[in-house]
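Trainee:
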Amino acid sequence: LALKAIKAGKHLLLEKPIAVNLDDALPVVQEAKKHPELKVLVGMSRRFDDSYREAFDRVKGGELGDIFHYYGVTNDQYNAEIVDFFVGYSKVSGSILVDCGIHDVDLMRWYMGSHEKVKKVYAAGYNARMHRLVESRDADNAVATVVFESGKLANIYLSRTAIHGHECWAQITGENDMIKVNTDNAMNRVTLADEHGYRKLTTQDYYDRFRGAFANEMREFTSAVLDNTPLPLDIDDAYIASKICVGLQMAFRSGEQIFFDKDQSPIPPKGIAASKL
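Residue 284, in the numbering used here, is where the sequence shown stops; the numbers in between run on with no holes.
#1: I'd like to know whether the C-beta atoms of Gln286 and His203 end up nearer to each other than 7 angstroms.
#2: Rounded to the nearest angstrom, what separates Leu21 and Gly108 at their Cα positions?
#3: Out of curiosity, what's the CA-to-CA distance linking Leu160 and Val128?
#4: Use the C-beta contact count for Gly50: other C-beta atoms within 10 angstroms, 16 or more gives buried, fewer gives exposed.
#5: Taking the continuous beta strand (DSSP E) assigned at His76, which residues delimit it?
#6: Within the stretch 117-182, note down every full alpha helix (DSSP H) run reaching 4 residues or more, in order along the chain.
#7: Check whether the stretch 108-127 touches the stretch 53-67, counting contact only when three or more Cβ pairs, one atom from each stretch, lie closer than 8 angstroms.
#8: With 16 as the cutoff for other CB atoms within 10 Å, does Arg196 come out buried or exposed?
#9: Between the alpha carbons of Pro237 and Glu227, how many angstroms are there, rounded?
#10: For the beta strand (DSSP E) holding Gly204, just list the boundary residues, first then last.
#11: Run through the DSSP bridge pairs and tell me what Met257 is partnered with.
#12: Using only alpha-carbon positions, find the residue among Val99, Lys277, Ser261, Asp212 that is nearest to Gly132.
#13: Excluding the 5 residues flanking Phe92 on each side, which residues of the same chain have their C-beta closer than 6 angstroms to its C-beta?
#14: Are Val47 and Leu19 touching if we call contact CB-CB under 7 angstroms?
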């Protein structure tokens with residue numbers, strides 16, 4: 008549909024990732040580049056969140072010095088009523104490392120700089136509650152390590168089994184300082200005092216936390232279409248993030264480190280076809 012929309016001359020706000028595999032993603036990227044008059048935005052929603060943006064402004068302003076480590080956590084609330092949905096969804100989503108991990112991979116590149124090239128990745132996963140995800144070679148919890156050619160590092164933790172609500176935060180470390188974003192997942196500034204002590208309600212899902220980011224995303228996309236303002240990220244950013252996520256998926260499913268070529272494409276392990284991963 009994305010490819011058809013661009014060919015039809017339509018501006019496009021596209022849900023991330025561009026596609027769950029690189030063979031389907033590349034034609035969309037190529038077609039978008041043929042039509043610079045069209046606004047094509049892949050919805051990396053956290054780039055539109057005020058807190059993540061403030062952190063980026065501080066990074067860009069040099070406050071932290073040279074950034075050498077990114078740590079990201081995306082922990083979705085577990086809901087027993089939608090396990091069947093996730094089991095079916097995982098068969099077409101590309102796994103937790105592609106569908107969920109792309110947010111942190113995109114933030115990693117945003118904060119550390121798109122000039123930083125990935126050398127290799129490793130990933131592992133475990134099914135703590137949604138055991139049927141093994142049917143699609145997926146996991147409900149996963150960890151990933153990214154090593155850059157410069158030696159800089161990133162670590163990512165992904166989960167769909169949080170009991171306490173939606174938790175999503177990042178830590179960016181530089182030579183001078185460190186920033187943590189969104190470490191308090193409280194719903195609001197209300198504190199309850201009852202037989203359990205003092206406590207706060209937490210954000211229950213992604214929409215509770217990022218409602219404002221989604222609104223910003225829509226406003227800025229609309230402004231780009233109507234007023235020809237620049238988009239906050241280009242399609243190459245989204246495509247490279249997809250490449251890295253596919254590499255993480257390969258690492259998880261093969262149990263091996265995955266290296267990247269000069270074009271930032273993952274290299275399948277020797278003797279294993281990419282289509283098998």
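Built from N, CA and C at the ideal position, the CB exists for glycine as well.
Since the structure is predicted, the reported quantities are computational estimates derived from the model, not experimental observations.
Mentor: According to the data block:
#1: Since the first and last residues shown for the chain are 8 and 284, residue 286 lies out of range.
#2: Leu21 and Gly108 have their C-alpha atoms spaced approximately 17 angstroms apart.
#3: Using only the alpha carbons, I get a separation of about 10 angstroms.
#4: Buried, by the Cβ-count rule.
#5: Note, His76: beta strand (DSSP E), 74-84.
#6: Fully enclosed alpha helix (DSSP H) runs of 4 or longer: not present.
#7: Contact holds: three or more Cβ-Cβ distances are below 8 angstroms.
#8: Exposed is the call here.
#9: In this structure, the alpha-carbon of Pro237 lies about 9 angstroms from that of Glu227.
#10: Counting along the chain, the beta strand (DSSP E) containing Gly204 begins and ends at 204-206.
#11: In the DSSP output, where bridge partners are listed per residue, Met257 has none listed.
#12: It is Ser261 whose Cα lies nearest to the Cα of Gly132.
#13: Closer than 6 angstroms at Cβ, skipping near neighbours: no residue.
#14: Cβ distance < 7 angstroms, so Val47 and Leu19 count as in contact.
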